[in-house]
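Residue numbers (our numbering), protein chains in the order written: chain C, 2 to 257; chain U, 22 to 366; chain E, -12 to 278.
Every residue gets a Cβ at the ideal spot worked out from N, C-alpha and C, and that includes glycine.
The structure under discussion appears below in the form of structure tokens.
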Amino acid sequence: MKAWLPRVYLFLVYALLYLPIAVLVVYSFNDSRTAYRWGGWSLRWYEALFSNHAMVQAMWNSLWLALAAATVSTLIGALTALALQRYRFRGKKALRGMLFVVMMSPEIVLAISLLALFLLVGLQLGFISLLLAHVTFCLPFVVITVAARLNGLDQRLLEAARDLGAGEFTTIRTILVPVMMPALLAGWLLGFTLSLDDVVVSTFVSGPSYEILPLRIYSMVRVGLKPEVNALGSLLLVFSLIMLVISQLILMRSKR
Amino acid sequence: MKKVALAAILAVTLAGCSKQEEQVLNLYNWSEYMPQTVLDQFTQETGIKVVYTTYDSNEAMYARLKLLDESSQYDLAVPSTYYVNKMRNEGLLAPIDRSKLSGFDNINPTLVNLDIDPGNQYSVPYLWGTTGIAVNGDVIDPAGVTSWADLWRPEYQGRIMMMNDVREVFHVGLRVLGYSANSTNPEEIEAAYNKLAELMPGVRTFNSDAPRMPYLEGETDIGMIWNGEAVMGAEDMPALTYIYPQEGAIVWFDSFVIPKNAKNVEAAHKFIDFVLRPEIAAEISTEIGYATPNLPARELLDEEVKADRAVYPVAEDMVNAEVQEDVGEALLVYEKFWEMLKAGR
Amino acid sequence: MMLTMPSQSERQPFRTAVLILVWSWLLLLVLLPNLLVIGASFMSRDPSDFLSMPLTLDNYLRLVDPLYLQVFLHSLYMAVITTALCLLIGYPFAWALARVDKRWQTLLMFLLIVPFWTNSLVRTYAIKLLLASNGLINSALQSLGITDAPITMLYTEGAVIVGLVYLLLPFMILPLYAVFEDLRRELLLASHDLGAGRAATFFHVVLPLTMPGVIAGVLLVLLPAMGMFYVADVLGGAKNLLVGNVIKNQFLDARDWPFGAAASVLLTLAMAVLLLAHRLSRRRLGEEGET
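In structure tokens form, the structure reads like this:
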């Protein structure tokens, strides 16, 4: 097989993956209202986007939610992975099973089940309902990522800690956390990604008090002619590229 | 010296007290049914921020209100005629205090105190409109299209758009067969279903979010549309023509209601009052192409808008037109067949 | 493999707290909701409330009605095509990715994930821009003189599949990449030394070893594909409904929660079947037996 073939193939697929996004970016600068005719370069859609307070608010809400969901799910997920590795208790299989079910379930099944729960307990749909839902679907991914890391841990470190009389909490804090850090970061990023990207779950468990992006733009997107959405897409892309750079830097540092 | 200091402290505290917390009005409305400029003007004048969320069908609005009933998330909603009745009967609405509305009498008396809400205790009419046929004049000659039945013509198959609304689509089916669109007779409804099922393979898409879009995008050439959407669409695509079908267009009107558990009832009243002002009502009608029931507002309209038959039809357009009314329990029959229509291919 | 156990006397409070947290979260937010859905699927619809008492099997019977069965089968069909395409594109991609210089791999992996930070709905809209009759692809083809009239791409089955493949491809690639990374070159060399040709090596060594990845990828694509209602909404037009659209419609428009719940249970059963297949394939490879 020619040596360059795999590389070309990779490039092609990446190009296809980024083509729609590139379209969004280019057309966000299109001066014509109809997205299909090119009218020259302009920043008017960015202006329109920023003066649309509801959209801007929705954008911030989505970001904050993703941040919160990623953080909480990383916390709980890390503790779950720790528990599965370190402690003996009954029902480990059931626990793993439930995590697996969440990961494999189509989102819509997750969404309606949580909606039913929230209705039953009378929880008002808003930030809390969204957070609970998002943390739940991020959880299994964090657990897997952290567990994989813990699996490869050198036992002697822990033995040494125990011999020196370190308590559980201290052991976790001083030894396990630093070791898990890359996995924690990876898990956090994964959670952040899944939360920002989510449409299905959010459609079901959000309320008007905390509007996030998918619902705000849902009808706009079906309409198909709102160039502010292009501007929105470009901004999100720029944001994610910045995040990408930052996370690469952090990961490179932590490898030392 | 002490007196001055005391006065200064008092002044500061009083100033702090009178600064109000930002007020919010949660308005739940159809998409493309309220100009942003009107919302901005309202905020500017009253300081109340408007949170605007949208729906594309009465069913969706109703389902969501039901779901969020206890948690009072919406202050205003805008259901169509028959849903006002349904929601009123189910105790979902809060009474509207007429004394807070100075412009209520601006509304055309023929639209007030109807069966759906005797005495208008729970609703205030907002806009009215019609649903008729849209034709892309560049592709199909509008002169050749005069009735709902024309939609069944073989040459249009695959290029048809229908509203995403059970009652409106069944109106078409029922009228084509000569039945009333407010029929509660299950046999008639089933007959309409069978007729509509013939049409389904030719339907390209359903859209109630912004029905003009599939025409503008060049995906459909003929079908149903709300008159206001046709007017808005014609700005971008002059060839988009609105036609009143012979068997009768659908006439509907939408009213403001206040959900029972609304948080900011005060602001809701203020908003309705604001919209009842003739100049605001005129602005709305001009911007989004639907007819206002506000009589003084109609005087203020541009000659061009007044003369636009798509917005303000003349008598001959309204021959055979039928106003959408409540069908009570029969709605379940309609909904059953509607699902079958959409699920089938 | 268990980590060194914490010392007996010290572990109680922290351990208890952690276990309580983890168990309550999963029981309340995973087990309970799913039980509610199963329960709801046996209840009856109520015109003015959500659920009402007479327990019934009607909802499941409705599912077998030819009308809905047709929707499910069509949805399954689209999901299968989507999965097949993802596999076709993703398998060689994962292979190629695993063989790239290690330094670049992390970056390339990230580049796969970056698009997800632009919400899926926004990306679906971008596909719409590309496929519309007066959209980019048609405009480009016409201005280049390749076609005269616009090709109908939007509001078709194909459009939905394109959208689904676009959004789900990375989910196929990730597990495949994981197994390809594990695949040791020595095995391939050994196979070659023993005289096997390329095709034989592929079918007898690579394929079996990557099978768990394939099945994981299929799991991560096939079922979600059936649930992504927004793709069908935006790109599919009137006729190309996914099971997700039916469920969403029941819950948010038609308010027939019991029927929606039954459809959802069906989807979950399908998932269980596939999971079983996954388990069996892993067992064959001797990977069972985790602690």
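Got a sec? Which residues, its chain only, sit under 7 Å from residue i by beta carbon, not counting five neighbours each side?
i         : result
PRO162(E) : GLY200, ALA203, GLY204 and LEU207
ILE301(U) : VAL59 and PHE295
TRP5(C)   : none
PRO102(E) : ARG110
LYS40(U)  : Below a pLDDT of 50, predicted positions are generally treated as unreliable, and LYS40(U), at 39, falls in that range; no measurement from the model is reported.
GLY223(E) : TYR142, ALA146 and VAL147
Can you check whether the C-beta of residue i is within less than 9 Å of a C-beta belonging to chain U?
i         : result
ARG223(C) : yes
GLY132(E) : no
ASN236(E) : yes
ARG242(E) : yes
ALA112(C) : no
PHE37(E)  : yes
GLY78(C)  : no
TYR55(E)  : yes
Excluding sequence positions up to five away, which residues of its chain have a Cβ less than 8 Å from the Cβ of residue i?
i         : result
THR139(E) : SER120
ASP138(U) : VAL105, ASN106, ARG109, SER144 and SER276
GLU168(E) : ALA85
TYR200(U) : ASN206, GLU209, ALA212 and ALA213
PRO56(U)  : GLU304, ILE305, GLU308 and ILE309
SER123(U) : ASP294 and LEU297
LEU85(C)  : LYS93, LEU96, ARG97, VAL144 and ALA148
By alpha-carbon positions, which one of the options ends up nearest to residue i?
i         : options                                      : result
LYS203(U) : GLU346(U), ALA270(U) and ALA260(U)           : The sequence given here has Asn at residue 203(U), not Lys. Considering only alpha carbons, the answer is GLU346(U).
TRP273(U) : TYR311(U), ALA283(U) and ARG180(U)           : TYR311(U)
TYR177(U) : ASN141(U), GLY244(U), ASN248(U) and GLU80(U) : GLY244(U)
LEU60(U)  : ASN53(C), LEU44(C) and GLY40(C)              : ASN53(C)
ILE145(C) : LEU111(C), LEU64(C), MET181(C) and GLU160(C) : MET181(C)
LEU60(E)  : ALA27(E), ASP88(E), THR197(E) and MET213(E)  : MET213(E)
TRP65(C)  : LEU158(C), LEU197(C) and GLY208(C)           : LEU197(C)
ASN231(C) : LEU17(C), LEU44(C) and ALA16(C)              : LEU44(C)
ILE362(U) : PRO146(U), TYR73(U) and ASP186(U)            : At residue 362(U) the sequence reads Leu, which differs from the Ile that was named. Nearest C-alpha to LEU362(U): ASP186(U).
TYR83(U)  : PRO34(E), VAL51(E) and TYR47(E)              : PRO34(E)
SER101(U) : GLU189(U), ASP118(U), GLU238(U) and VAL71(U) : GLU189(U)
LEU190(C) : LEU237(C), LEU245(C), PHE138(C) and VAL57(C) : LEU245(C)
Kindly list the residues whose CB is nearer than 6 Å to the CB of residue i, restricted to its own chain and excluding five residues on each side of it in sequence; keep chain order.
i         : result
LYS235(E) : PHE216
ALA184(C) : THR146, VAL147 and ARG150
ALA162(C) : THR172 and ILE176
Beta-carbon of residue i versus every beta-carbon of chain C: anything under 9 Å?
i         : result
THR74(U)  : yes
MET183(U) : no
SER31(E)  : no
LEU100(E) : The sequence given here has Ile at residue 100(E), not Leu. So yes, ILE100(E) belongs to the interface.
PRO20(E)  : yes
ASN77(U)  : Note that residue 77(U) corresponds to Asp in the displayed sequence, not to Asn. Yes, ASP77(U) counts as interfacial toward chain C.
SER251(E) : yes
LEU60(E)  : no
Cβ of residue i less than 9 Å from any chain E Cβ?
i         : result
VAL190(U) : no
ILE129(C) : no
LEU316(U) : no
GLU250(U) : no
THR204(C) : yes
GLU238(U) : yes
GLU374(U) : There is simply no residue 374(U) to check, as chain U begins at 22 and stops at 366 in what is shown.
Curious, which full-length alpha helix (DSSP H) runs of at least 4 residues does the stretch 288 to 357 of chain U contain? Correct list: 299 to 309, 316 to 321 and 324 to 328.
Using a beta-carbon distance cut-off of less than 7 Å, what residues from the stretch 110 to 136 of chain E approach chain U? ALA119, SER120 and ASN121
Output needed in chain order: residues of the stretch 40 to 70 of chain U with a Cβ under 7 Å from some Cβ in chain C. Those would be ASN47 and SER52, in chain order.
Counting only Cβ-Cβ distances shorter than 7 Å, please list the residues of the stretch 148 to 172 of chain U near chain C, keeping chain order. For the stretch 148 to 172 of chain U, which is checked against every Cβ of chain C, not one residue is closer than 7 Å.
Every unbroken alpha helix (DSSP H) inside the stretch 208 to 268 of chain U [4 residues or more]: With a minimum length of 4 residues, the unbroken runs of alpha helix (DSSP H) contained wholly in the stretch 208 to 268 of chain U fall at 234 to 237 and 248 to 257.
Give the residues from the stretch 212 to 235 of chain U that approach chain E closer than 7 Å (Cβ to any Cβ), ordered along the chain. VAL224, ARG225, THR226 and PHE227
At which residue ranges does the stretch 14 to 78 of chain C contain complete beta strand (DSSP E) runs of 3 or more residues, listed in the order of the chain? none
Which complete beta strand (DSSP E) runs does the stretch 13 to 51 of chain E hold, if anything under 3 residues is left out? none
Relative to chain E, which residues along the stretch 337 to 364 of chain U have a C-beta separation below 7 Å, given in chain order? Correct list: LEU353, GLU356, GLU360, MET361 and ALA364.
Residues of the stretch 189 to 213 of chain E with a CB closer than 7 Å to any CB of chain C: list them in chain order, please. LEU206, LEU210, PRO211 and MET213
Extract the residue ranges of the beta strand (DSSP E) inside the stretch 121 to 180 of chain U, only unbroken runs of 3 or more that lie entirely within it. 145 to 157
Using a Cβ-Cβ cut-off of less than 9 Å, list which residues of the stretch 79 to 98 of chain E approach chain C; keep chain order. PRO79, PHE80, TRP82, ALA83, LEU84, ARG86, VAL87, THR93, LEU94, LEU95, PHE97 and LEU98
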